[in-house]
Each structure stands twice: as structure tokens, then as C-alpha cells.
Amino acid sequence: MNFKTHINGGVLIGLYIGSQITKNDILSAGVFFGGTIIGSLLPDIDHRNSYIGKKAKGISKTINKLAGHRKLFHAPLMYLLLYSISAGIPMKKVYFIGITGLFFGILSHLILDSFTIGGLPWFYPFTKKKFSLGKIKTNSKLEDVFCGILICINVVMLLDLLNITSIFTFTQNYKSNVTQGIRNIIINTK
Ligand SMILES: [Zn+2]
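Counting from 839, one number per residue, gives the positions in the sequence shown under this note's numbering.
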């Protein structure tokens, strides 16, 4: 998948999961959302020609040489291990929310890559076998359609969260929290 699809996957999971876990707190929602966007692009650091790989050429080249593409940096078990370790480190709540967002973004990336023909090494390093759930080729017309669907869902979700529409019922919960959060900020800054 290309970076546009991955960013939209990150936006989707950032809005949806963020709306569920960051109650009454706009700062946390923002931190979580920022984390998911970075996380949605991060695994492709193992590929020199990816969007993030081009931004950090030196790091990307080194990682690609050492770890290869779609191996260690696309291994769900590795991220699960890292997240478990980070959960055990004492830190401010807001940092942990950011890290949680980062890992949800990475999860969205791994799920999306699973729908490509190449698939994903879900059980790496135990097996190098890649599992594919779909037949989408990166930068193909089919991916454009898929990305378009994600964009539509994101736009509707955002309109819901801004109280402009109420199409998705799961955003109702967040709606009241956002308004409550804005109210809290206004009260506190008075
Ligand atoms: Zn990838």
C-alpha cells in the first residue's frame, strides 16, 4: 500500500479508537491521533523508496540492509512485545496515550499491508511465511478505489465528530465528550 492509503488507515483508527479511549480530554485525543498518523507510516521505514524511507534516507537504508523489507519491521509480534515493555515503564499518562496511538497506527499499517498480494509475516520471527488476505497491488487502480473508500469513511466520521452529521452511531459517545472537553477548557481558562 502507498502512503496515502496508510495515512487514511491511520486517520480512521485514530478517530475511531481515539474517540473511544480519550474521554473528556482533547489534549489526549490530539496526542493519540498524532501517534496513529506517525505509526501508520512507520513500518515502511524498512523500504528506501517509501514515503517515510525517502524522508529518512540514511536510517531507512541501514534498516533495510539489516532487517530487510516486510520482515522485522512488519512483524506484529515484535510490536506486541515492544508495546508490552512500554506499558511496564512508568511515565506520564499523556506519553502513554501517545505511545498507544503509535502502536494502533502501526497496527493499521500491518492490517492494510495484509490485504496486498505480498501479504504480511504475521508470525515472524517464528516463520517467514507471509499471509495475504487480499489481492491489492500497491499503487494499482484497486488501491485507489480502496483508498477512496477510506477517505469517504473518514470524512463522514469527522463530520459526525464535529456535530455536523450523525451517520455513524459509534461516534455519538465522542460527540458529547468533545463538547464536554471544549466546555472544560473554557471553564478552566476563565
Ligand atoms: Zn508496509
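Cβ atoms here follow ideal geometry from the backbone N, Cα and C, with glycine treated the same way.
**Request:** Could you please give the first and the last residue of the uninterrupted alpha helix (DSSP H) stretch that includes PRO914?
**Result:** For PRO914, the uninterrupted alpha helix (DSSP H) segment begins and ends at 914-926.
**Asked** Around ligand 1, which residues pass a check of Cβ closer than 6 Å to any of its heavy atoms?
**Response** Going along the chain, the residues that qualify are PRO881, ASP882, HIS912, HIS947, ASP951.
**Request:** Report the three-state DSSP secondary structure of LYS1028 (helix, strand or coil).
**Result:** With a pLDDT of 44 at LYS1028, under the threshold of 50, the modelled position of that residue is not reliable, and the figure given next carries that caveat. Coil.
**Asked** For the candidate residues LYS979, MET995, VAL994, ASN1001, whose alpha-carbon lies nearest to that of ASN840?
**Response** Residue LYS979 is the option with its Cα nearest to ASN840.
**Asked** With 16 as the cutoff for other CB atoms within 10 Å, does THR965 come out buried or exposed?
**Response** That one is exposed.
**Item:** For ILE855, the first and last residue of its enclosing alpha helix (DSSP H)
**Value:** For ILE855, the enclosing alpha helix (DSSP H) begins and ends at 841-859.
**Message:** Could you check whether PRO963 and ARG908 sit closer than 8 Å to each other, using their CB atoms as the reference points?
**Reply:** In this structure, PRO963 does not lie closer than 8 Å to ARG908 by Cβ.
**Request:** Go to ILE937, then tell me how far its alpha helix (DSSP H) extends in each direction, as first and last residue.
**Result:** Unbroken alpha helix (DSSP H) run through ILE937: 931-952.
**Request:** Measure the Cβ-Cβ separation of LEU940 and THR843 and say whether it is below 8 Å.
**Result:** Their beta carbons are not under 8 Å apart, which means LEU940 does not touch THR843 by this criterion.
**Request:** Determine contact between the region 856-876 and the region 916-936, defined as no fewer than three beta-carbon pairs at a distance below 8 Å.
**Result:** Yes, the region 856-876 touches the region 916-936.
**Nearest-angstrom Cα separation, counted from THR900 out to ILE1002** = Whole-angstrom Cα-Cα distance: 47 Å.
**Prompt:** Under a Cβ-count criterion, where at least 16 other Cβ atoms within 10 Å of its own Cβ denotes burial, should LEU865 be classed as buried or exposed?
**Reply:** Around the CB of LEU865, fewer than 16 other CB atoms lie within 10 Å, so the residue is classed as exposed.
**Prompt:** Of the choices LYS930, PRO928, ASP982, whose alpha-carbon is the least far from that of THR954?
**Reply:** Nearest Cα to THR954 within the set LYS930, PRO928, ASP982: ASP982.
**Item:** Reference LEU915; option with closest CA among PHE961, ASP998, ASP863
**Value:** Residue PHE961 is the option with its Cα nearest to LEU915.
**Prompt:** In the DSSP assignment, what residue or residues form a beta bridge with ILE876?
**Reply:** Paired residues: none, contrary to the question.
**Prompt:** So which of LEU1000, LYS975, VAL993, ILE897 has the shortest CA-CA distance to LEU850?
**Reply:** Nearest C-alpha to LEU850: VAL993.
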